[in-house]
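According to the numbering used here, the sequence shown is numbered sequentially starting from 133.
Note sheet for the following structure.
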Amino acid sequence: MSTSRLEMRGISLAFSGFQALSRVDFTLTGGSVHALTGANGAGKSTLMAVLCGTHARYEGEISINNQLVTLREPVDAKQLGIHLVQQEVDVALIPGLSIAENIMLDHLAQPGHRFHWGKLREQARQALAQLDVTLDVRRSIDGCTLAEKQQILLARALSHHCRFLILDEPTAPLDAHESERLFAVVRRLQQQGIGVVFISHRIHELKAICDTLTVLRDGKLIESGPMADLSGEAIVEKMLGHELSDIYPPARPPHSTETLLRVEGLHDEGLLKDISLHLRKGEILGIAGLAGAGKTELCKALFGASKSRVARGELNQKAWKPRDPADSVLRGLALVPEERRKEGIFIDEPVSMNLAVSADNSFSRWSLFGHRQAWRWAEEVIARVGVRTRGPGQVLRRLSGGNQQKVAIGKWLRGNAQVLIFDEPTKGVDVKAKTDLFQLIDGLAREGKGVIYASGEFAELVGLCDRICVLWDGRIVAELEGATAREETLLYYSTGGTAS
Ligand SMILES: Nc1ncnc2c1ncn2[C@@H]1O[C@H](COP(=O)(O)OP(=O)(O)OP(=O)(O)O)[C@@H](O)[C@H]1O
Ligand SMILES: [Mg+2]
Numbered sequence: 133m134s135t136s137r138l139e140m141r142g143i144s145l146a147f148s149g150f151q152a153l154s155r156v157d158f159t160l161t162g163g164s165v166h167a168l169t170g171a172n173g174a175g176k177s178t179l180m181a182v183l184c185g186t187h188a189r190y191e192g193e194i195s196i197n198n199q200l201v202t203l204r205e206p207v208d209a210k211q212l213g214i215h216l217v218q219q220e221v222d223v224a225l226i227p228g229l230s231i232a233e234n235i236m237l238d239h240l241a242q243p244g245h246r247f248h249w250g251k252l253r254e255q256a257r258q259a260l261a262q263l264d265v266t267l268d269v270r271r272s273i274d275g276c277t278l279a280e281k282q283q284i285l286l287a288r289a290l291s292h293h294c295r296f297l298i299l300d301e302p303t304a305p306l307d308a309h310e311s312e313r314l315f316a317v318v319r320r321l322q323q324q325g326i327g328v329v330f331i332s333h334r335i336h337e338l339k340a341i342c343d344t345l346t347v348l349r350d351g352k353l354i355e356s357g358p359m360a361d362l363s364g365e366a367i368v369e370k371m372l373g374h375e376l377s378d379i380y381p382p383a384r385p386p387h388s389t390e391t392l393l394r395v396e397g398l399h400d401e402g403l404l405k406d407i408s409l410h411l412r413k414g415e416i417l418g419i420a421g422l423a424g425a426g427k428t429e430l431c432k433a434l435f436g437a438s439k440s441r442v443a444r445g446e447l448n449q450k451a452w453k454p455r456d457p458a459d460s461v462l463r464g465l466a467l468v469p470e471e472r473r474k475e476g477i478f479i480d481e482p483v484s485m486n487l488a489v490s491a492d493n494s495f496s497r498w499s500l501f502g503h504r505q506a507w508r509w510a511e512e513v514i515a516r517v518g519v520r521t522r523g524p525g526q527v528l529r530r531l532s533g534g535n536q537q538k539v540a541i542g543k544w545l546r547g548n549a550q551v552l553i554f555d556e557p558t559k560g561v562d563v564k565a566k567t568d569l570f571q572l573i574d575g576l577a578r579e580g581k582g583v584i585y586a587s588g589e590f591a592e593l594v595g596l597c598d599r600i601c602v603l604w605d606g607r608i609v610a611e612l613e614g615a616t617a618r619e620e621t622l623l624y625y626s627t628g629g630t631a632s
């Protein structure tokens, strides 16, 4: 089997005057796993979108095995065996259809094609089997978790003749175990001679499975070569253009003993069982857990976004039970949800509008003053969270994935929230943005707010939290002091280990 070689040379692309890519070279060979990294907005997804035929107006040359090809439409790329698993999985899936239909979508879309449903499902199952995944392919896509949705997209790519596979932040929705499973799949595809592009902000992952590395910064090529030549620190430095020293904020002074929020005996209709927790003024409480442990369920239940019952509860010194999101917001409780693209933002509205609608109505919709205030507020958030955008008027869809997340987070910084719940806030954001975010959360705690921080990134919990509760199978199985907690201990409890 001869090795395929794909070359992009001098690729440039501008969006109404904004130079998203400037003369970028990128080479992908069959049987290699090529890391593509860079800060949020560096141009990674855009470069790969060119390769997938999404941007007809690119400049530069693309060749496969020294033959020039033109990629002006998605179908061009697919015919050449180039497939993409997108960063925003929901965009690529059709709600209401079954898993099987979503996997076999391109086949179904072929005109004049007659298909046999039984066979189609079987093909979908086989595509999933390549990933060691078994799902009931008749199920609707709507009930699938993010991790499942991603497997479905991967299966879709593998249902074709695939020579080059692009994975745009595939591990963002996965926990450590699921990521390991994905790595095994990637290695197998690599052995089959497929060239894989792996986009990620997690440097340790890139080091673990990629042999080659390309770093972009501000739409330009900064570095390309063997992975082994660069240390993790050197990669971060290339990404940012400067060194990054401390990711985590320095230790906070002891927080107050005043309780902001307390629940006892919380159960939801599914997973959560008998959860009791409390949060003090100025405290950051971590909720550790792997995917499926119940972190998102717990965040939603506390915010009143799902049905739950509690034996007793208090919020800001008043008796309280989670009711619904509107009631929570009124009482000073805010949630930055995990599936921000679906639940937290309006993708076709400008940044300013997205930041203005944080559910309290302190900006009047009708007055000019309100509008101007909203604009100024947006400028402030853009600076505080470091959103890479051309200004408050830019529509969210035009922002890179990581920058959309920052807007979703920024939305909650205004208003009267005393307790802020963050569900996996660092997913998909680059290392600099993570640092900014930690600082911001640390700042909230120093101001005397209470923060609940749910994450599967144990190092982050250890670096940031005062106290950490570990969730396993819908229960809190351990509680540790942040100052002395270790990642290994969190992993031990979160995989079902028990205190002996
Ligand atoms: N359709 C578009 N119109 C205008 N600007 C765009 C469009 N698509 C991308 N951009 C801009 O191009 C730049 C690069 O975006 P891109 O999505 O490629 O970044 P990225 O490296 O994938 O970042 P992330 O890590 O956040 O996913 C960003 O500044 C983005 O706002
Ligand atoms: Mg991207």
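For glycine and all other residues, C-beta sits at the position ideal for the given N, C-alpha and C.
At a cut-off of 7 Å, is ARG189 close to ligand 1 when judged by its beta-carbon and the heavy atoms of the ligand?
no
On a CA-only basis, which of ASP480, ASP459, PRO381 is nearest ILE573? Give me that one, please.
PRO381
Close beta carbons around GLU310, own chain, < 7 Å, minus the five adjacent residues each side
ALA279, ALA423
Cβ-Cβ separation, LEU338 to THR346 (assumed contact under 8 Å), whole Å:
Not confirmed; about 11 Å, so no contact.
Count the other CB atoms within 10 Å of the CB of PHE651; is the residue buried (16 or more) or exposed (fewer)?
What the structure shows of the chain is the stretch from 133 to 632, and residue 651 is not part of that stretch, so it cannot be assessed.
Report the residue ranges of all alpha helix (DSSP H) runs contained in full by the stretch 442-475; include only those spanning at least 4 residues, in chain order.
457-462, 472-475
Test item, CB below 7 Å from any non-hydrogen atom of ligand 2:
LYS176, SER177, GLN219, ASP300, GLU301, ILE331, SER532, GLY533, GLY534
What are the start and end residues of each continuous beta strand (DSSP E) run of 3 or more residues lying completely inside the stretch 554-605, in chain order?
582-587, 599-604
Compute the distance between the beta-carbons of ILE407 and LEU398, then report whether it is under 8 Å.
yes
Burial state of TRP498 (16 or more Cβ within 10 Å):
Residue placement at TRP498 cannot be trusted, given a pLDDT of 47 that sits under 50; the coordinates are not used to answer.
Skipping 5 residues on each side, what residues in its chain have a beta carbon closer than 8 Å to that of LEU487?
ALA506, TRP509, ALA510, VAL513, PRO524, VAL539, GLY542, LYS543, ARG546
Whole alpha helix (DSSP H) runs in the stretch 356-428 with 4 or more residues, listed along the chain?
364-372
LEU417 beta carbon less than 8 Å from that of CYS184:
no
Let me check one thing: in DSSP terms, what residues is GLN151 bridge-paired to?
ALA146
Quick check on the burial criterion: 16 or more other C-beta atoms within 10 angstroms. Buried or exposed for GLN323?
exposed
Considering just the uninterrupted stretch of the alpha helix (DSSP H) at ILE335, what are its terminal residues?
335-341
Would you please state the rounded distance, in angstroms, between the beta carbons of GLU470 and ASP555? I believe it to be under 8 Å.
4 Å
If you drop the 5 nearest sequence neighbours on each side, which residues of the same chain put their C-beta closer than 6 Å to that of GLY173?
ARG520, SER532, ASN535
Indicate the three-state DSSP secondary structure (helix, strand or coil) for PHE501 in the structure shown.
Low local confidence applies: a pLDDT of 47 at PHE501 is under 50, so the model's placement there is unreliable, with the coordinate-based value given in what follows. Looking at PHE501 - three-state DSSP - the assignment turns out to be helix.
In terms of DSSP beta bridges, what is PHE158 paired with?
MET140
My parser needs the alpha helix (DSSP H) runs of 4 or more residues fully inside the stretch 171-247; what are they?
176-183, 206-211, 221-224, 231-235, 237-240
Based on the DSSP secondary-structure assignment, which residues constitute the bridge partners of PHE330?
ALA167, LEU299
Consider the C-beta atom of ALA167 and the heavy atoms of ligand 1; say whether any pair is separated by less than 7 Å.
no
So does the stretch 189-203 actually touch the stretch 277-291, counting three or more Cβ pairs closer than 8 Å?
no
Between ALA152 and ligand 1, is the CB less than 7 Å from at least one heavy atom?
yes
Is PHE147 near ligand 1, with its Cβ less than 7 Å from a heavy atom?
yes
Beta bridge counterpart(s) of GLU620 as assigned by DSSP:
Its beta-bridge partners do not exist; DSSP assigns none.
6 Å Cβ shell around LEU612 - same chain, five flanking residues per side excluded
ILE600
Beta carbon of ASN562: closer than 7 Å to some heavy atom of ligand 1?
For the record, residue 562 in the displayed sequence is Asp; it is not Asn. Yes, the Cβ of ASP562 comes within 7 Å of a heavy atom of ligand 1.
Quick check on ILE226: buried or exposed, where buried means 16 or more other Cβ atoms within 10 Å of its Cβ?
exposed
For ARG504 and PHE478, I'd like the C-alpha separation in whole angstroms.
20 Å
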